[in-house]
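These notes concern the structure reproduced below.
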Amino acid sequence: MNAIVIAPIVFPLILGLITLSLWQNRRLQEIANLIGSFIFLLIGVLLLYQVLNEGILVTQAGNWAAPFGISIVADTFSSIMVLITVVMAFAIAIYSISSMRKSRHICDMTNKRQQFGYYPLLNIMYMGINGAFLTGDLFNMYVWFEVMLISSFILLSLDGTKLQLEGTFKYVTINLISSAFFLIGVGFLYGLTGTLNMADLAVKIHEVENQAMVTVVAMFFLICFGIKAAVFPLFFWLPASYHTPPISISAIFAGMLTKVGVYSLIRVFTLIFIGDIGYTHTLILWISGFTMFVGVLGAASQYDMRRILSFHIISQIGYMIMGLALYTPLAIAGAIFYIMHHIIVKANLFLVSGLVKRLGGSYDVRKVGGLVNTYPFLGVMFLIPALSLAGIPPLSGFWSKLFVVKAALDLHSYFIVFVALLVGLLTLYSMTKIWNEAFWKNDPGKCSSEKQIPGLFARQNVFMSVAIIMLATITLAIGFYPEPFFQVADRAATELMNPQNYINTVLGGVQ
Amino acid sequence: MNSVILSTATRVLLPILLLFSVFILIRGHQEPGGGFVGGLIASMAFALYTIAHGVAHARQIFPLSPTVFIITGLSFALFSGLMGLFVGLPAFTGLWGAYEFPVLGPLSTPLLFDIGVYLVVFGASTSIIFTLKLKE
Chain B
0 MNAIVIAPIV
10 FPLILGLITL
20 SLWQNRRLQE
30 IANLIGSFIF
40 LLIGVLLLYQ
50 VLNEGILVTQ
60 AGNWAAPFGI
70 SIVADTFSSI
80 MVLITVVMAF
90 AIAIYSISSM
100 RKSRHICDMT
110 NKRQQFGYYP
120 LLNIMYMGIN
130 GAFLTGDLFN
140 MYVWFEVMLI
150 SSFILLSLDG
160 TKLQLEGTFK
170 YVTINLISSA
180 FFLIGVGFLY
190 GLTGTLNMAD
200 LAVKIHEVEN
210 QAMVTVVAMF
220 FLICFGIKAA
230 VFPLFFWLPA
240 SYHTPPISIS
250 AIFAGMLTKV
260 GVYSLIRVFT
270 LIFIGDIGYT
280 HTLILWISGF
290 TMFVGVLGAA
300 SQYDMRRILS
310 FHIISQIGYM
320 IMGLALYTPL
330 AIAGAIFYIM
340 HHIIVKANLF
350 LVSGLVKRLG
360 GSYDVRKVGG
370 LVNTYPFLGV
380 MFLIPALSLA
390 GIPPLSGFWS
400 KLFVVKAALD
410 LHSYFIVFVA
420 LLVGLLTLYS
430 MTKIWNEAFW
440 KNDPGKCSSE
450 KQIPGLFARQ
460 NVFMSVAIIM
470 LATITLAIGF
480 YPEPFFQVAD
490 RAATELMNPQ
500 NYINTVLGGV
510 Q
Chain W
0 MNSVILSTAT
10 RVLLPILLLF
20 SVFILIRGHQ
30 EPGGGFVGGL
40 IASMAFALYT
50 IAHGVAHARQ
60 IFPLSPTVFI
70 ITGLSFALFS
80 GLMGLFVGLP
90 AFTGLWGAYE
100 FPVLGPLSTP
110 LLFDIGVYLV
120 VFGASTSIIF
130 TLKLKE
């Protein structure tokens, strides 16, 4: 029972080592990574299963008792996040196989990239992500953030093209600033309470005399996690860097990395900084409204598919933060449901855009066209996540928006409801733009007309298609059977809203 | 670089530095030192050799690819963390053997971890040095 909590952190390291030792042989790396990702997937499922059956699982690393050592905690929320990570890891493992075939000249990933350790780095990044989800210690969370970020820096810049280096430079700079804020916040918090264990902090933070100072510290955390989650007005680095790497890396970044920031925001603002909700959570509510609106406006003005999608990440982050800001069980459950839906849908849209680039020849929607004639099935595969993102019933996006909006209506926050619905409409607009331009209009003719058209399931594309279909199926499953997904999210929210259980389990020495 | 003094001195310094790095590694358990510093000193020995004789020569006397050292070191570190699980304790629990060896002291998972750090640092810095010198 102890081992399963630590397994999602340790396993990717083992897998990273295996793929690293197969450095010379790309094909073996691919196979090892695929098999490993499948085991990784099973670990994630097992963890959530155990947590649902047995409640919160804790292991005290190094056998040091709770407030002194580092606790590794798996509650429902973190297990959900871990499960989504491993699902994404599996999808990316499938997708990467064919997206790196050297026989293609419109290859979105050079062979050089694989030689320089794409798979090992990817796995180390998963280790960092899972570590951030599972740790019960704030400073340890900082360390996992660094593990995740350093791998992501290298993944972003592996090809070393000018565009990539420019994007990476912005990304590195803003993340270093964010890390500095994180450290300052951690330092202040330790000075105020004398502990960094999150469960212990949740108890001790109320005993601090200077509560105004606690709010100041909360703002430090809001800024640092806000930068990572790309909320308004700290989002500018995201559209500047996410479109530069190959699509499989963009997809995992778009799906997972910002959500680590959202996860951390939800974690600290439900567990630790709940002393002055009137101030902090109202501020977050304003931020969420601006994030949604500005993000979607940014998307409306773009023509590169990857940039449109990047701006949409920002606007969707707004909905999740809005769930946190409303701070009712339904709202938090909605936010968690939103995260589940969003990671899968968003990553899938990036993967589809990679396939569009390969088949249509460009990421720029103005240059491709007529795909609905040549690849009708690809059109369907695009429509599922796209309409889901916009919130068309009965797809998964509809339910997640419904829960968040319903929570806002319960609180009579009509303005934010108005913004949320308006943003949904604008999202639909920009998804329609991609649809009209890339799929519906006639092929402008330069890209793919003369060539022999390879099929969607031709040998070099089949793995990409399989990954896309897999994620689209999950989207449909969430859409048509939201009940079990919502129950799990609801349970996670209940745990978050009543942190006493979490605190007792971590501090009580139950192992 | 063609310097007779440097290349002659390096021949003597290389084994001494390597030996010293192991000394620092073991000393690090109770006193200043440790795997990180030890690994740096060991890679310094090869850095000197690379400067004196060039990358091709240094590669010849270098036993294995630097990546092998990184992989081995990481596996050591990982394994030292997982040892606790095998005896039914939480992961990363420090374990000490009963028998005290003359120089090493008791065998322990922290020592194994430190050797892992030594190998990773050694492998990583030599691979950096080789790559940078190749670019020249």
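Residue numbers (numbering that gives the first Met the number 0), protein chains in the order written: chain B, 0 to 510; chain W, 0 to 135.
We treat Cβ as the ideally placed atom computed from N, Cα and C, and that holds for glycine.
Close-in-space but distant-in-sequence residues of the same chain around residue i (CB under 6 Å, 5 per side omitted)
i                      : result
residue 387 of chain B : 344, 394, 395, 396 and 474
residue 390 of chain B : 396, 397, 400 and 423
residue 69 of chain B  : 60, 136 and 139
residue 75 of chain W  : 111, 114 and 115
residue 267 of chain B : 220
residue 498 of chain B : 201 and 270
Residue i - containing alpha helix (DSSP H), residue span
i                      : result
residue 425 of chain B : 413 to 433
residue 209 of chain B : Unbroken run through residue 209 of chain B: none, as it is neither H nor E.
residue 29 of chain W  : Where residue 29 of chain W is concerned, there is no enclosing alpha helix (DSSP H), given that its DSSP letter is neither H nor E.
residue 496 of chain B : 481 to 496
residue 409 of chain B : 395 to 409
residue 366 of chain B : Here residue 366 of chain B belongs to no alpha helix (DSSP H), and DSSP marks it neither H nor E.
residue 384 of chain B : 375 to 389
residue 317 of chain B : 304 to 325
residue 499 of chain B : 499 to 506
residue 24 of chain B  : Where residue 24 of chain B is concerned, there is no enclosing alpha helix (DSSP H), given that its DSSP letter is neither H nor E.
residue 347 of chain B : 328 to 359
residue 88 of chain W  : That residue, residue 88 of chain W, is in no alpha helix (DSSP H); it is neither H nor E in DSSP.
residue 300 of chain B : Segment: none, residue 300 of chain B is in no alpha helix (DSSP H) and carries neither H nor E.
residue 260 of chain B : 257 to 270
residue 250 of chain B : 246 to 251
Residue i in three-state terms, based on DSSP
i                      : result
residue 69 of chain B  : strand
residue 95 of chain W  : strand
residue 57 of chain B  : strand
residue 196 of chain B : strand
residue 158 of chain B : coil
residue 4 of chain W   : helix
residue 275 of chain B : coil
residue 235 of chain B : coil
residue 134 of chain B : strand
residue 456 of chain B : coil
residue 61 of chain W  : coil
CB of residue i within 8 Å of CB of residue j, strictly
i                      : j                      : result
residue 76 of chain B  : residue 482 of chain B : no
residue 85 of chain B  : residue 133 of chain B : no
residue 246 of chain B : residue 346 of chain B : no
residue 133 of chain W : residue 54 of chain W  : yes
residue 155 of chain B : residue 95 of chain B  : no
residue 339 of chain B : residue 317 of chain B : no
residue 287 of chain B : residue 321 of chain B : yes
residue 402 of chain B : residue 350 of chain B : no
residue 72 of chain B  : residue 55 of chain B  : yes
residue 152 of chain B : residue 171 of chain B : yes
Cβ-based neighbour list, residue i, same chain, cut-off 7 Å, excluding 5 preceding and 5 following
i                      : result
residue 299 of chain B : 425, 428 and 429
residue 79 of chain W  : 108, 111, 112 and 115
residue 301 of chain B : 307 and 310
residue 512 of chain B : Nothing can be reported for residue 512 of chain B, as the shown portion of chain B is limited to 0 through 510.
Cβ-heavy atom distance, residue i to the ligand FAD, below 7 Å
i                     : result
residue 52 of chain B : Because no ligand of any kind appears in the structure shown, any question about the ligand FAD cannot be addressed here.
Counted within 10 angstroms of its Cβ, other Cβ atoms place residue i as buried (16 or more) or exposed
i                      : result
residue 127 of chain W : exposed
residue 512 of chain B : Nothing about residue 512 of chain B can be reported from this structure: the residues present for chain B run from 0 to 510 only.
residue 85 of chain W  : exposed
residue 277 of chain B : exposed
residue 421 of chain B : exposed
residue 206 of chain B : exposed
residue 161 of chain B : exposed
residue 17 of chain B  : buried
residue 436 of chain B : buried
residue 8 of chain W   : exposed
residue 411 of chain B : exposed
residue 232 of chain B : exposed
residue 372 of chain B : exposed
residue 29 of chain B  : buried
residue 60 of chain W  : exposed
Residue i: first and last residue of the uninterrupted beta strand (DSSP E) it sits in
i                      : result
residue 104 of chain W : 104 to 107
Close beta carbons around residue i, own chain, < 8 Å, minus the five adjacent residues each side
i                      : result
residue 362 of chain B : 242, 303, 304, 305, 352, 355 and 356
residue 102 of chain B : Note that residue 102 of chain B scores a pLDDT of 38, beneath 50, so its modelled location is shaky; the value from the coordinates is reported in the next line. 459, listed in sequence order.
residue 123 of chain B : 11, 12, 15, 146 and 150
residue 187 of chain B : 212, 215, 216 and 219
Within chain D, the residues that residue i reaches when beta carbons sit closer than 7 Å
i                    : result
residue 5 of chain B : Protein chains in the displayed structure are B and W, and chain D is not among them.
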